[in-house]
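Engineer: I have a structure I would like to understand better, so I am pasting it below and will then ask my questions one at a time.
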Amino acid sequence: MLNENRKIVKVVSYSGYKNDETPRAVWVDDREYQVREVLWRKRVRDLESGQTVEAFRVKIDGEIITIEKSESGEWSAKGFIGRQS
Numbered sequence: 247m248l249n250e251n252r253k254i255v256k257v258v259s260y261s262g263y264k265n266d267e268t269p270r271a272v273w274v275d276d277r278e279y280q281v282r283e284v285l286w287r288k289r290v291r292d293l294e295s296g297q298t299v300e301a302f303r304v305k306i307d308g309e310i311i312t313i314e315k316s317e318s319g320e321w322s323a324k325g326f327i328g329r330q331s
């Protein structure tokens, strides 16, 4: 189900040179989705809060979503909530 609202999610990421360097999986509503491919990665300023977020456009189980990590370390997903049964 697609949704343009942000949803707080848990992200499992690879930590190499820095912490949370590359997302590997996203947990939404107690379900794990493997990140198949990172399409792009950017540091962007959130227009609403004025904070800088690290944004990743990723492919997950046939869906393309954007996940963002805030300055506080909180992850959110935009454009994806999970599939309904």
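Letter by letter, the sequence shown follows residues 247 to 331 of my numbering.
Even for Gly, the Cβ is constructed at its ideal location relative to N, Cα and C.
1. State the DSSP-derived secondary structure class of Leu285, mapped to helix, strand or coil.
2. So what's Glu278 in DSSP terms, helix, strand or just coil?
3. Using alpha carbons as the reference points, say which of Thr268, Tyr260, Gly319, Gly325 lies closest to Gln297.
4. Within the 8 Å Cβ cut-off, does Trp273 reach chain B?
5. Does Glu309 come out as helix, strand or coil in the three-state DSSP assignment?
6. Which residues mark the beginning and the end of the beta strand (DSSP E) in which Val255 is found?
7. How close, in whole Å, do the beta carbons of Val281 and Ala323 come, if the pair is a contact with beta carbons under 8 Å?
8. Could you say which of Trp286, Glu309, Val290 lies nearest to Glu300 if we only look at CA atoms?
Structural biologist: Short version:
1. The answer is strand: DSSP assigns Leu285 an E or B state.
2. Residue state, collapsed to three classes: strand.
3. The candidate whose alpha carbon is nearest that of Gln297 is Gly319.
4. Considering every chain present, this structure includes no chain B. It has just one protein chain.
5. In the structure shown, Glu309 adopts extended strand secondary structure according to DSSP, grouped into three states.
6. Taken as a continuous stretch (DSSP letters only), Val255 belongs to no beta strand (DSSP E), as it is neither H nor E.
7. The C-beta separation of Val281 from Ala323 comes to about 11 Å, leaving the pair out of contact by the 8 Å criterion.
8. Glu300 has its Cα closest to that of Val290, out of Trp286, Glu309, Val290.
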